[in-house]
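Engineer: Structure incoming, see below.
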Amino acid sequence: MYIAEEETAFYLPSIKVNRNKKSLGLSFQHKSGVEILHKLAKECDVLVENYLPGGLKKYGMDYETLQKINPKLIYASITGYGQTGPYSNRAGYDVMVEAEMGLMHITGARDGAPVKVGVAVTDLTTGLYTSNAIMAALIARGRTGKGQHIDACLSDCQVATLSNLASSALISGQKDSGRWGTAHPSIVPYRSYKTQDGDILFGGGNDKLFGVLSDRLGFPEWKTDARFVTNSDRVQHRAEIDSMIENTTAQKTTQEWLDIFEGSGMPYAAVNDIQGTLNHKHVLARDMVTEVEHPACGPIKLVNTPIKYSEAKPGVRSPPPTLGQHTDEILGSILEYSEADIARLKDEGVLS
1288 MYIAEEETAF YLPSIKVNRN KKSLGLSFQH KSGVEILHKL AKECDVLVEN YLPGGLKKYG
1348 MDYETLQKIN PKLIYASITG YGQTGPYSNR AGYDVMVEAE MGLMHITGAR DGAPVKVGVA
1408 VTDLTTGLYT SNAIMAALIA RGRTGKGQHI DACLSDCQVA TLSNLASSAL ISGQKDSGRW
1468 GTAHPSIVPY RSYKTQDGDI LFGGGNDKLF GVLSDRLGFP EWKTDARFVT NSDRVQHRAE
1528 IDSMIENTTA QKTTQEWLDI FEGSGMPYAA VNDIQGTLNH KHVLARDMVT EVEHPACGPI
1588 KLVNTPIKYS EAKPGVRSPP PTLGQHTDEI LGSILEYSEA DIARLKDEGV LS
């Protein structure tokens, strides 16, 4: 989906990932383009690339070449399967890695088919791991004066985020328990339930909280029912208690249940859609939606940065750029190219 019908229109996902950035339109298939990139690399702290291993070598943009130009450069390579290993030359896409590296197998309804996560979570996780790695490499450079090559890939990061499930499998040597939907394999009740107009999720993480749940649902006798007294009992009678809870929650709207459980100390939440999330009173109170003026699209709303600092206020300093929007500025201010030089390179197809 494009939001501006013109040559410099940008793809919708770039709205979030490209704010606070500048866009240089350059072709490194031209020798002059490679020369420009080498000059920029000499001035840079960090370079991030997303090509198959060895794909940039023919352009002289590989780590070995740029490290000689700038020994302090932090060069981060993000690929599907890494710089080494039998799959290193495979193209990697989020959904493929979700499938191959275990995530899809554990996602979805208990008796349903494997399901991909609703957002490209492996892509996002890999980006977060890479940004942390870059920060660590910059700190190391401050001590050693040397840059280094960071090898980050979707497959490694996905395996790392299997977290406690991977640990359990490694320690026990046993097969995992598969998909659980919104439920928890060893805690009951701990899942979403239908309401009159949607869904609500309860987290009865211990016997005390189950008591709170029973009271607020209007069935205090559940607390002394032999089938449900302890979590172990409830796990054995999972189907029964889940059915009893859902028969009850279906009698009221989600908001009515939210009001009933307010202040109870019980973990609970509505299952919101995206618009419901972006208009959530807590999301708005936390300043998680912001508006900026875009040169091609006018005012646009963006998701704000999620981190708050005591001594600074990060935010959206500039909107996502159009393609090549800052070409003249970057070459003029950083490399001191003249207007005539830039115009000539544009005529030659090196710049846009």
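Sequential numbering from 1288 applies to the sequence shown in our numbering.
Where is the CB? At the ideal position from N, CA and C, for every residue including glycine.
Model, not experiment: these values are computed from the prediction.
Name, in chain order, the residues that DSSP records as bridge partners for F1548.
Structural biologist: Mapped onto the sequence shown, residue 1548 falls at position 261. The partner list for F1548 (beta bridge, DSSP) is empty, contrary to what the question assumes.
Engineer: So, N1305 versus P1607, is the Cβ gap smaller than 9 angstroms?
Structural biologist: Indexing the sequence shown from 1 puts residue 1305 at position 18. Indexing the sequence shown from 1 puts residue 1607 at position 320. In this structure, P1607 lies closer than 9 angstroms to N1305 by Cβ.
Engineer: Measure the alpha-carbon distance for V1406 versus M1383 and round it to whole angstroms.
Structural biologist: Reading the sequence shown from its first residue, position 119 is the one you call residue 1406. Reading the sequence shown from its first residue, position 96 is the one you call residue 1383. Approximately 13 angstroms between the Cα atoms of the pair.
Engineer: Thinking C-alpha only, which one of Y1362, V1579, T1371, K1568 is nearest A1420?
Structural biologist: As a working mapping, residue 1420 is identified with position 133 in the sequence shown. The shortest C-alpha separation from A1420 is found at Y1362.
Engineer: Give, in chain order, every unbroken run of the alpha helix (DSSP H) that is at least 4 residues long and sits entirely within the segment 1568-1615.
Structural biologist: List check, alpha helix (DSSP H) in window: 1568-1572.
Engineer: Could you name the residues of the same chain whose beta carbon sits closer than 8 angstroms to that of H1613, not counting the 5 residues immediately before and after it, in chain order?
Structural biologist: Counting from one through the sequence shown, the residue named residue 1613 turns up at place 326. Taken in chain order, the residues that qualify are K1309, S1310, L1311.
Engineer: Between G1460 and the ligand NAP, is there a pair consisting of the residue's CB and a ligand heavy atom that are separated by less than 8 angstroms?
Structural biologist: Only the bare structure without any ligand can be found here, which leaves the ligand NAP out of the picture.
Engineer: Can you find the residues in the same chain that come closer than 6 angstroms, C-beta to C-beta, to E1293, ignoring five residues on each side of it along the sequence?
Structural biologist: On the sequence shown, position 6 is the one that residue 1293 refers to. Low per-residue confidence applies at E1293: pLDDT is 47, beneath 50, and the placement is therefore not dependable enough to give any value.
Engineer: Could you please give me the residues that DSSP links to G1490 through a beta bridge?
Structural biologist: In the sequence shown, residue 1490 corresponds to position 203, counting from 1. Answer is Y1477.
Engineer: Looking only at C-alpha atoms, which of R1573, M1388, A1556 sits nearest to G1490?
Structural biologist: For this step, residue 1490 is matched to residue 203 along the sequence shown. Comparing Cα-Cα distances from G1490 to each of R1573, M1388, A1556, the minimum goes to A1556.
Engineer: Of the residues E1533, G1636, R1397, L1496, which one's Cα is nearest the Cα of V1516?
Structural biologist: Start at 1 with the first residue of the sequence shown, and residue 1516 comes out as number 229. The option with the nearest alpha carbon to V1516 is L1496.
Engineer: Specify, as a first and last residue, the run of the alpha helix (DSSP H) that Q1354 falls within.
Structural biologist: Within the sequence shown, residue 1354 is the residue found at index 67, counting from 1. 1350-1356 is the extent of the alpha helix (DSSP H) around Q1354.
Engineer: Please classify T1366: does DSSP put it in a helix, a strand, or coil?
Structural biologist: Start at 1 with the first residue of the sequence shown, and residue 1366 comes out as number 79. Strand.
Engineer: For K1595, I'd like the list of residues in its chain whose CB is within less than 6 angstroms of its CB, leaving aside the five on either flank, ordered along the chain.
Structural biologist: Working through the sequence shown from its first residue, we reach residue 1595 at position 308. Correct list: empty, nothing qualifies.
Engineer: Below 8 angstroms on the Cβ atoms is my contact criterion, and I expect F1548 with R1503 to pass it. Report the Cβ-Cβ distance as a whole number of Å.
Structural biologist: In the sequence shown, residue 1548 corresponds to position 261, counting from 1. In the sequence shown, residue 1503 corresponds to position 216, counting from 1. Contact flag correct, Cβ pair sits at about 5 angstroms.
Engineer: I'd like the list of long-range same chain contacts for S1314, defined as Cβ closer than 7 angstroms, with 5 residues on each side in sequence excluded.
Structural biologist: By 1-based counting over the sequence shown, the position of residue 1314 is 27. Only G1320, G1636, V1637 meet the Cβ criterion.
Engineer: Between which two residues does the beta strand (DSSP E) carrying H1436 extend?
Structural biologist: Within the sequence shown, the letter at position 149 stands for residue 1436. Note, H1436: beta strand (DSSP E), 1435-1440.
Engineer: Give the secondary structure of Y1416 by DSSP, where H, G and I count as helix, E and B as strand, and everything else as coil.
Structural biologist: Counting from 1 along the sequence shown, the entry for residue 1416 is found at position 129. Residue state, collapsed to three classes: helix.
Engineer: Can you tell me whether A1627 is helix, strand or coil according to DSSP?
Structural biologist: Numbered from its first residue, the sequence shown carries residue 1627 at position 340. In this structure, A1627 counts as helix in the three-state DSSP scheme.
Engineer: Nearest CA to the CA of L1353: which residue from G1369, Q1370, Y1338, L1334?
Structural biologist: Locating residue 1353 in the sequence shown gives position 66, counting from the first residue. Checking every option, the nearest Cα to that of L1353 belongs to L1334.
Engineer: Name the DSSP bridge partner or partners of Y1555?
Structural biologist: On the sequence shown, position 268 is the one that residue 1555 refers to. Partner(s): F1489.
Engineer: Quick one: give me the first and last residue of the alpha helix (DSSP H) that V1522 is part of.
Structural biologist: Within the sequence shown, numbered from 1, the residue matching residue 1522 stands at position 235. 1518-1523 is the span of the alpha helix (DSSP H), which, as asked, contains V1522.
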